[in-house]
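Structure, as structure tokens:
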Amino acid sequence: AQSVTQPDIHITVSEGASLELRCNYSYGATPYLFWYVQSPGQGLQLLLKYFSGDTLVQGIKGFEAEFKRSQSSFNLRKPSVHWSDAAEYFCAVGVPNFGNEKLTFGTGTRLTIIP
Amino acid sequence: NAGVTQTPKFQVLKTGQSMTLQCAQDMNHNSMYWYRQDPGMGLRLIYYSASEGTTDKGEVPNGYNVSRLNKREFSLRLESAAPSQTSVYFCASRGRLTEQFFGPGTRLTVL
């Protein structure tokens, strides 16, 4: 079965600084990969997804992620964070299954932004 | 277009009480899901429905039942609530290319 690891439980960065959130997965082939964001008291919103093709994926709110097969990673990046980016971020992996895919989520990384 | 809606938003139960969490989507999606979210554990799949008329267990199904009433609605029932079921519950539906769309959640406390 697939699994997802987000090694950083909590990250604090200064407003305007760059950000990288780590995500590693375990699966024998190339899975579908996702990053979701959750603001306090809200549901999850999709930031970006990777299915195939170009390994650098652009998402909403200025985020991007890079799929590295050799490292089984799908790290999320943003060149300059804004105070509104403070939230919890979840990486998820889906195994292709002819339209019956389920997602496995990591435990999340909470992002705090300081002025 | 409301997306995925969930009712209620908050609920407090006593141990042993029953209740049903409602979920509806207006995006004509075939697949729907129920998750629970607990601190430090991410989201864990309780049950899912790949299409109308079918349901399957996820990672943590014990103590729950589900009904896929029609294509739009997917309900989650707790027959005899336990304190261990205190959690935030999310419903989701799957769009094209496997991305899932989430509802706003139901915060459940079992005393």
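Keeping their order, the protein sequence lines are chains A and B.
Take any residue in the first sequence, count from 1 to its spot, add 9: that is its number in this note's numbering.
Take any residue in the second sequence, count from 1 to its spot, add 314: that is its number in this note's numbering.
All C-beta atoms in this analysis are idealised placements derived from N, C-alpha and C, irrespective of residue type, glycine included.
Per-residue contacts from residue i into chain A (C-beta, under 9 Å)
| i | result |
| --- | --- |
| PRO418/B | GLY50, GLN51 and GLY52 |
| PHE404/B | GLY52 and LEU53 |
Alpha-carbon to alpha-carbon, residue j and residue i
| i | j | result |
| --- | --- | --- |
| ALA406/B | MET346/B | 6 Å |
| VAL402/B | LEU357/B | 9 Å |
| ILE122/A | HIS19/A | 11 Å |
| THR319/B | ALA338/B | 5 Å |
| THR118/A | LYS323/B | 24 Å |
| VAL46/A | LYS328/B | 32 Å |
| VAL326/B | GLY62/A | 47 Å |
| ALA74/A | ASP94/A | 16 Å |
| ALA316/B | GLY417/B | 10 Å |
| ALA96/A | THR113/A | 20 Å |
| PHE404/B | ALA101/A | 15 Å |
| LEU425/B | ALA395/B | 9 Å |
| ASP17/A | LEU120/A | 10 Å |
| GLY377/B | PRO397/B | 11 Å |
| THR420/B | LYS70/A | 26 Å |
| ARG386/B | MET341/B | 8 Å |
| ASN384/B | ARG408/B | 15 Å |
| GLN11/A | THR368/B | 23 Å |
Closest by C-alpha distance to residue i, when choosing among the options
| i | options | result |
| --- | --- | --- |
| PHE76/A | LEU65/A, GLY37/A, GLU110/A and GLU97/A | LEU65/A |
| LEU335/B | GLY409/B, SER381/B and MET341/B | SER381/B |
| TRP15/A | GLY354/B, SER332/B, GLN331/B and ASN342/B | Note on identity: in this sequence residue 15/A is Gln, with Trp being the wrong assignment. Ranking GLY354/B, SER332/B, GLN331/B and ASN342/B by Cα distance to GLN15/A puts GLY354/B first. |
| ARG31/A | ALA95/A, GLN80/A and THR113/A | GLN80/A |
| GLU366/B | SER389/B, TYR378/B, GLY419/B and PHE415/B | SER389/B |
| VAL22/A | VAL102/A, PHE99/A, HIS91/A and CYS100/A | HIS91/A |
| GLY103/A | GLN54/A, ASN84/A, GLY115/A and PRO49/A | GLY115/A |
| PHE99/A | TYR41/A, LEU55/A, GLN11/A and ALA38/A | LEU55/A |
| GLY37/A | GLY71/A, LEU85/A and VAL13/A | VAL13/A |
| GLN399/B | ASN344/B, HIS343/B and ILE360/B | ILE360/B |
| PRO124/A | PRO40/A, LYS70/A and GLU24/A | GLU24/A |
| PRO105/A | GLN11/A, ALA26/A and PRO40/A | PRO40/A |
Partner residues on chain A for residue i, Cβ-Cβ distance less than 7 Å
| i | result |
| --- | --- |
| GLN414/B | LEU112 |
Under 8 Å between C-beta atoms of residue i and residue j
| i | j | result |
| --- | --- | --- |
| LEU28/A | LYS87/A | yes |
| SER332/B | LEU392/B | yes |
| ASN344/B | ALA364/B | yes |
| VAL83/A | TYR34/A | The identity of residue 83/A in the sequence shown is Phe, whereas the question assumes Val. Against a cut-off of 8 Å, the Cβ pair of TYR34/A and PHE83/A comes out as a contact. |
| GLU373/B | PHE43/A | no |
| LEU53/A | GLY68/A | no |
| TYR362/B | ASP352/B | no |
Contacts that residue i makes with chain B (C-beta to C-beta distance below 8 Å)
| i | result |
| --- | --- |
| PHE99/A | GLY356 and LEU357 |
| THR14/A | Residues of chain B passing the Cβ test: none, with the nearest at roughly 11 Å. |
7 Å Cβ cut-off: residues of chain B touching residue i
| i | result |
| --- | --- |
| GLY117/A | GLY356 |
Quiz item: In the stretch 63-78 of chain A, which residues sit with their C-beta less than 8 Å from some C-beta in chain B, listed in chain order?
Solution: Listed by position along the chain: nothing, the set is empty.
Practice problem: Can you give me, in chain order, the residues of the stretch 341-371 of chain B that have a beta carbon less than 7 Å from any beta carbon in chain A? | Solution: For chain A, the residues of the stretch 341-371 of chain B that bring a beta carbon within less than 7 Å of one of its beta carbons are GLY354, MET355, GLY356, LEU357, LEU359, TYR362 and ALA364, in chain order.
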